[in-house]
Structure formats: C-alpha cells, structure tokens
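Letter 124 of the sequence shown, counting from 1, is numbered 123 in numbering that gives the first Met the number 0, and no numbers are missing. We put the CB at the ideal spot given by N, CA and C, even for glycine. Everything on this sheet refers to the single structure shown next.
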Amino acid sequence: MRRVAIYPGSFDPVHNGHLDLIQRASRSFETVIVALLENEAKCGLFSVPERLALLRETITQKNVRVDSFHGLLVDFMRERRSRIIIRGLRAVSDFEYEFQMAQMNRHLYPEVETLFMVPGEEYTFLSSRVVKEVARLKGDVSRLVPASVIRALEKKLA
Ligand code: ADP
C-alpha cells in the first residue's frame, strides 16, 4: 500500500495551525489528502465549497490534495487506499476525544493507524472556533490565518 495519509477535519475555516500540520505531514508521506468532513448536522460559518476553495488556495505542497467526504472516515479511507489518519494534538484537552475516535476507527477498520502530530508551539492555542470568535469581535487574526481567509472572514462577517 502506498504511503497515503488522510488528514480529516472540518476546516471552518483553515488556519495556520492546520497549515503547519499539513506542511509537517507532507514531509513524511508520499501523499497527504486533506479530507473535509461534510457534516449536515453541523452548520459551519463557511459552506463546504467555500472551505474547500480556501484550503485549495492556501495549500502549496505538490503532494497534498484536498477532498471532501460524507459518512464514515474509514469508508473514505478504504476508497482512497489509505491506512493512516493524521490528527493534531494541541493540549491534553484534545486527548480524550482523539483517543476515543482513534479506538473507534480501529474498531471499524483494524488496519488503520492514527498518528498524532504536534504543531509549532505558536499554534497550540489556535482553533477555528477561536479564530471565528475573535474575527466576529473585529480582533486582529492576521497572524493566525492566511490572507485569503482574512478576506473571506471580513466578507462573511461584514
Ligand atoms: P474538528 O475535526 O475537531 O472539527 P478541525 O477541522 O478544527 O477539527 O481540525 C482538524 C484537525 O486539525 C484535528 O486533528 C485538530 O486537532 C487539528 N488541529 C486543529 N487546530 C490545530 C492546531 N492549532 N494545531 C495542530 N492541530 C490542530
């Protein structure tokens, strides 16, 4: 099996912590697929097409692709012939949920491995939720997200 790693998430919107992880993963795997979960139950600030466009505009690595999926991550992984899930760990608070998901994904697809990556320390406080909250209150997010996301946030929250 080729070394294809899947990096799943909501990316609503993509921020510099995600991009840091994508860069690190792209150095370790032949191909990285950033996989946007289309979750009908969870309505984001940005639509799925908008989130995909922002990801595609900001990711520069040649071996990184952007895609979206419905339903179970493990089904998407089987389709893409990948057995590696990349997830980010920022702090201990991420651990419990991530541990549960990793065990569940292994239960559903025994060959799967979840690999955790730690971002640069300047990104450990960063989440899409915090970016949106600060942007809504007109705070400066220019060092937290790429320029295209700043423009998109300004337009969306105008
Ligand atoms: P979720 O799947 O919780 O909606 P996100 O789309 O926000 O998550 O993030 C996708 C993945 O990126 C998750 O593994 C999350 O832990 C990770 N991640 C989010 N923010 C950061 C960050 N600042 N540094 C490293 N990893 C992060």
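Run the CB neighbour count on residue i, radius 10 Å, all protein chains shown included, and call it buried at 16 or more, exposed below.
i	result
residue 69	exposed
residue 25	buried
residue 98	exposed
residue 131	buried
residue 86	buried
Taking C-alpha atoms, which residue in the options lies nearest to residue i?
i	options	result
residue 14	144, 93, 82, 39	144
residue 3	17, 83, 12	83
residue 116	19, 139, 46, 131	19
residue 156	58, 45, 56	45
residue 12	113, 47, 110, 87	47
residue 127	119, 120, 140	140
residue 64	27, 32, 5, 119	32
residue 66	112, 150, 125, 10	10
Check residue i in the structure and name its three-state DSSP category.
i	result
residue 12	coil
residue 39	coil
residue 136	coil
residue 56	helix
residue 97	helix
residue 125	coil
residue 157	coil
residue 75	helix
residue 112	strand
residue 90	coil
residue 7	strand
Run the proximity test for residue i: is its beta-carbon closer than 6 Å to any non-hydrogen atom belonging to ligand 3?
i	result
residue 156	The ligand content of the structure shown is limited to ligand 1, which means ligand 3 is not among them.
Between residue i and residue j, how many whole angstroms is the CB-CB distance? I'm expecting something under 8 Å.
i	j	result
residue 90	residue 123	6 Å
Just jot down, in chain order, the residues whose CB lies closer than 6 Å to any heavy atom of ligand 1. 8, 9, 10, 16, 17, 20, 86, 87, 89, 93, 118, 122, 125, 126, 127
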